[in-house]
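Colleague: In the numbering used here, the protein residues as written are 2 to 306. We put the CB at the ideal spot given by N, CA and C, even for glycine. After the structure tokens below, expect a handful of questions from me.
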Ligand code: CP
Ligand code: NVA
């Protein structure tokens, strides 16, 4: 297979076949957690994070360890980057030590600059713009539940944030319908919507929530307050997003077999109620588990031998 890039930064930069191969590799590794135990033998990684994480950090550390590699977690603020050392110098130095760098960064452009100067693969572990590893785990969860991705009708409800952006990027490759209910004030990134326009994906954004969920196989939301958000406008945002809460009334209007996804962490009682996140149609813990399996496949895809 010919790959476009050994980095894993944004989903729309891949060929669909690459992502399908990563998903099936993740499924195989889930079926046999002991497989590929030596795949990353003698390889080492850095996790360079400027924001908190539970799932991403642990699932990457475990994925690398279970594949036989080693990793070092670096809190960006305790490195010289935090004191103003340039991204270029940091990338050039760190990439001489390890075989890959997994970055969680507030500024997507900084991650791009880092990758421009790195001689080893860079994996995006969330930026203000996108969260590709998460959407790969979500796609794997949908495939497990429905046996397909392409024919699904996916509903996004709420903030047009980094996770919403990544669903839009994924819609340029897969044939699922993406119906999004997002208030005008919190639309997804204009740059990402422009990419979609050129790629012919089946995406519709409106403020008509009932319309968005009426044929949904899957209803997805995320926090109304991402780690990057401006905390000053909290009360205004709550007021605007109030009607976009995923609760029992909303779910009752969706098809009876529709499932619920949320990347977590959730703000229970805000974007979603306990009655939905804890119900049998919620797949949030399966989604979180799948981070581990699909990230093993992403690491394998990005490895340079
Ligand atoms: N979903 C996700 O990326 O969670 P963490 O912030 O805990 O890594
Ligand atoms: N949109 C959220 C996702 C957290 C995993 C954030 O950026 O904080």
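1) I'd like the list of long-range same chain contacts for residue 162, defined as Cβ closer than 7 Å, with 5 residues on each side in sequence excluded.
2) Please state whether the Cβ-Cβ distance between residue 146 and residue 21 is less than 8 Å.
3) Scan the stretch 161-214 and note each continuous beta strand (DSSP E) run of 3 residues or more that stays entirely inside, going in chain order.
4) Would you say the stretch 192-203 touches the stretch 173-184, given that touching needs at least three Cβ pairs under 8 Å?
5) Does the beta carbon of residue 63 fall short of 7 Å from some heavy atom of the ligand CP?
6) How about residue 262: is its Cβ closer than 7 Å to a heavy atom in the ligand FMN?
7) CB-CB under 6 Å to residue 10, same chain, minus the five flanking residues each way: which ones, in chain order?
8) Please report the residue range of the alpha helix (DSSP H) in which residue 298 lies.
9) What whole-angstrom Cβ distance do residue 12 and residue 170 have, given they're in contact under 8 Å?
10) Report yes or no: do the stretch 64-83 and the stretch 30-40 share at least 3 C-beta pairs separated by less than 8 Å?
11) For the alpha helix (DSSP H) containing residue 264, list its first residue and its last residue.
12) Residue 138 lies in the alpha helix (DSSP H); which residues open and close that run?
13) Comparing C-alpha positions only, which one of 57, 61, 275, 56 sits nearest to residue 45?
14) Can you name the residues that DSSP bridges to residue 15?
15) Does any heavy atom of the ligand NVA sit closer than 7 Å to the C-beta of residue 117?
16) Pick helix, strand or coil for residue 373, following the three-state DSSP scheme.
17) List the whole-angstrom C-beta distance separating residue 315 from residue 156, where the pair is believed to meet the contact cut-off of C-beta under 8 Å.
18) Can you give me the start and stop residues for the beta strand (DSSP E) that residue 222 sits inside?
19) Once DSSP output is grouped into helix, strand and coil, what is the label at residue 279?
20) Taking just the CA atoms, how far does residue 84 sit from residue 167?
21) Do residue 186 and residue 241 have their CB atoms nearer than 8 Å?
22) Please tell me whether, using a cut-off of 7 Å, the distance from the CB of residue 224 to the nearest non-hydrogen atom of the ligand NVA is below it.
23) What span of residues does the alpha helix (DSSP H) with residue 91 cover, start to end?
Modeller: Quick answer:
1) 223, 227
2) no
3) 178-182, 204-207
4) yes
5) no
6) By its list of ligands, the structure shown excludes the ligand FMN, since it contains just the ligand CP and the ligand NVA.
7) 125
8) 285-303
9) 5 Å
10) yes
11) Careful: residue 264 lies outside any alpha helix (DSSP H) and carries neither H nor E.
12) 133-147
13) 61
14) Paired residues: none, contrary to the question.
15) no
16) The structure shown does not extend to residue 373, since the chain spans only 2 to 306, so no value can be given for it.
17) No statement about residue 315 is possible, as the shown extent of the chain runs from 2 to 306 and does not include it.
18) 219-222
19) coil
20) 31 Å
21) yes
22) yes
23) 88-98
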